[in-house]
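Visitor:
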Amino acid sequence: MKALIIVNPVAGSVAEQREALRTAVGYLAEQGWTVTWRETTPTRSATALAREAVQAGVDVVVVAGGDGTINEAIQPLVGTEVRFGVLPVGTANLWSMEIGVATAPVLFHQNLRRAAEVLVHGETVAVDTGLAGSRYFLLLAGVGFDALVTRLVDRPTKERLGGFAYVWRALQELPRYHGSVARLAIDGQVDERRVVLVTISNTKLYAGLPLAPEASFVDGKFNITVLEGRGWLSLVLALVPVLLGWRVRPPTIHRYVGRTVEIFSSRPLPIQVDGEPAGETPMRFRVVPASLRAIVPPETAARLRAQRVTGGKGERAS
362 MKALIIVNPV
372 AGSVAEQREA
382 LRTAVGYLAE
392 QGWTVTWRET
402 TPTRSATALA
412 REAVQAGVDV
422 VVVAGGDGTI
432 NEAIQPLVGT
442 EVRFGVLPVG
452 TANLWSMEIG
462 VATAPVLFHQ
472 NLRRAAEVLV
482 HGETVAVDTG
492 LAGSRYFLLL
502 AGVGFDALVT
512 RLVDRPTKER
522 LGGFAYVWRA
532 LQELPRYHGS
542 VARLAIDGQV
552 DERRVVLVTI
562 SNTKLYAGLP
572 LAPEASFVDG
582 KFNITVLEGR
592 GWLSLVLALV
602 PVLLGWRVRP
612 PTIHRYVGRT
622 VEIFSSRPLP
632 IQVDGEPAGE
642 TPMRFRVVPA
652 SLRAIVPPET
662 AARLRAQRVT
672 GGKGERAS
């Protein structure tokens with residue numbers, strides 16, 4: 362097996378993480394993998410490294426980093442036969458949590474051996490990606506408040522504070538944030554509301570919360586969640602029930618299912634994909650079904666195959 366390991370050196374900068382990562386890569390070599398280790402730099406992105414790997418004919422591109430590094434790396438992988446895997450060491454690892462490779466941020470480096478075993482003994486599933494304009498995403502796109510926070514968190518602060526950098530910036534921005542009137546066209550059906558946040562998801566989790574509980578990576582559809590309101594209080598009141606696991610959905614949360622989403626707004630709203638800034642509205646999003654070959658644990662592969670057979674869950678709702 363010929364593999365390229367793309368390492369985000371910032372994500373794996375803690376000494377314990379770095380050592381665990383090298384041990385995991387050593388395990389791959391012991392299993393007969395031919396592994397090349399390449400690190401990203403300010404002038405050498407994960408996208409460039411992955412593109413070179415595809416051209417060189419590797420079998421697997423493995424990302425040792427978080428969701429942002431994954432997003433960079435998958436850009437040239439979508440639509441190819443090259444498989445994608447992960448060794449989670451980043452600030453946010455929703456993908457690893459979704460597929461059952463990792464459990465909690467503080468334990469990511471302790472899950473590296475398991476992640477390496479999944480790479481060797483796991484199964485390959487063709488999962489959906491999304492396309493926001495011309496940029497692919499694996500997990501979700503966010504429009505509004507979360508994208509504003511993502512845009513405002515600078516790299517030095519993120520490197521210094523990790524995930525807390527987003528929490529700190531969100532607390533600063535909440536009191537002065539105001540929603541905007543947005544028009545959503547979901548598979549051609551139009552809905553207009555004043556929104557504080559819109560998420561367009563393949564993943565159930567959002568910042569660790571089950572904001573889109575019916576979402577699936579293999580059903581060929583987005584799960585769209587709209588948080589309606591004018592300001593910070595609307596956002597807080599909508600998310601608290603989600604945080605507490607309440608079954609009753611607040612009237613300010615609206616959910617939809619669709620394959621294409623077009624968003625127009627009274628003023629340009631920022632957009633993030635997989636935690637990385639990705640422009641502003643207006644924007645068109647569409648599902649690209651079964652477009653990325655991902656290595657996942659066998660039990661996850663079985664679950665995803667079952668979801669594909671049933672077509673996923675959920676109906677169009679508001």
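Residue numbers for the sequence shown follow this note's numbering, so the first one is 362 and each next one is one higher. Ideal Cβ positions, reconstructed from N, Cα and C, are used throughout, including at glycine.
1. Which complete alpha helix (DSSP H) runs does the region 448-506 hold, if anything under 4 residues is left out?
2. Which runs of the beta strand (DSSP E) fall wholly inside the region 559-633 and span at least 3 residues, in chain order?
3. With a threshold of 7 Å on Cβ separation, who are the neighbours of Phe578 within its own chain once the five nearest residues in sequence on each side are excluded?
4. Note down, in chain order, each residue of its chain lying with its Cβ closer than 7 Å to the Cβ of Pro403, except the 5 sequence neighbours on either side.
5. Pop quiz: Tyr538 and Gly592 are said to be a contact at Cβ under 8 Å. What is the actual Cβ separation, rounded to whole angstroms?
6. Do Glu589 and His615 come within 8 Å of each other at the CB atom, strictly closer than that value?
7. Does the count of Cβ pairs from the region 526-533 and the region 654-669 closer than 8 Å reach three?
8. Helix, strand or coil: how does DSSP classify Asp714 here?
9. Check whether the Cβ atoms of Leu389 and Val450 sit closer than 8 Å, and answer yes or no.
10. Which same chain residues, not among the five before or five after Glu433, have their C-beta less than 6 Å away from its C-beta?
11. Here's the rule I'm using: 16 or more other beta-carbon atoms within 10 Å means buried, otherwise exposed. How should Glu459 be labelled?
12. Do you know whose CA, among Phe625, Leu594 and Arg628, lies nearest Thr613's CA?
13. With a threshold of 16 other CB atoms inside 10 Å of the CB of Thr586, please say whether the residue is buried or exposed.
14. Can you pull the DSSP bridge partners for Leu365?
15. With DSSP as the reference, identify every bridge partner of Ala655, one or two as the case may be.
16. Would you check if the distance between the CB atom of Ile435 and the CB atom of Arg399 is smaller than 8 Å?
17. Buried or exposed: where does Gly483 fall if 16 or more other Cβ atoms within 10 Å of its Cβ makes it buried?
18. What is the rounded straight-line gap between the Cα of Tyr527 and the Cα of Gly636?
19. Which of the three DSSP states, helix, strand or coil, is assigned to Gln550?
20. Below 8 Å, how does it come out for the region 627-643 and the region 595-602: are there three or more Cβ pairs, yes or no?
21. Pull up the distance between the alpha-carbon of Val396 and that of Ala364, whole angstroms please.
22. From this set, Gly549, Asp507 and Gln550, which residue's C-alpha is nearest Val556's C-alpha?
23. Would you kindly work out how many angstroms separate the C-alpha atoms of Asp552 and Met644, rounded to a whole number?
24. Do Ala417 and Pro437 have their C-beta atoms within less than 8 Å of each other?
25. According to DSSP, is Gly387 helix, strand or coil?
Guide: Once the coordinates are examined:
1. Runs of the alpha helix (DSSP H) inside the region 448-506: 455-460 and 473-482.
2. The qualifying runs are 583-589, 614-619 and 621-626.
3. Once the five neighbours on either side are set aside, the close Cβ partners of Phe578 are Val488, Asp489, Asn563 and Leu665.
4. No residues qualify anywhere along the chain.
5. Indeed they touch by this definition, with Cβ atoms about 6 Å apart.
6. Glu589 is positioned such that its CB atom lies closer than 8 Å to that of His615.
7. No: the two stretches stay apart, fewer than three of their Cβ pairs being nearer than 8 Å.
8. Lying outside 362 to 679, the shown extent of the chain, residue 714 is not represented and no answer is given.
9. Their beta carbons are not under 8 Å apart, which means Leu389 does not touch Val450 by this criterion.
10. Result list for Glu433: Ser406, Ala407 and Thr408, in chain order.
11. Counting Cβ neighbours within 10 Å, Glu459 comes out buried, since at least 16 surround it.
12. Residue Leu594 is the option with its Cα nearest to Thr613.
13. Answer is buried; the Cβ neighbour count reaches 16.
14. For Leu365, which the question treats as bridged, DSSP gives the partners Thr397 and Val422.
15. Its beta-bridge partners are Phe445 and Val486.
16. No, the pair does not count as a contact, with Cβ atoms beyond the cut-off.
17. Its Cβ being crowded by 16 or more others within 10 Å, Gly483 is buried.
18. Each residue's Cα considered, the two are about 10 Å apart.
19. In the structure shown, Gln550 sits in a strand (DSSP, three-state: E or B).
20. The region 627-643 and the region 595-602 do not touch, with fewer than 3 CB-CB distances between them shorter than 8 Å.
21. Note on geometry: alpha-carbon atoms of Val396 and Ala364 lie some 5 Å from one another.
22. Ranking the options by Cα distance to Val556, first place goes to Asp507.
23. Distance between the alpha carbons of Asp552 and Met644 is about 15 Å.
24. Going by C-beta atoms, Ala417 is not nearer than 8 Å to Pro437.
25. In the three-state DSSP reduction, Gly387 falls in the helix class (H, G or I).
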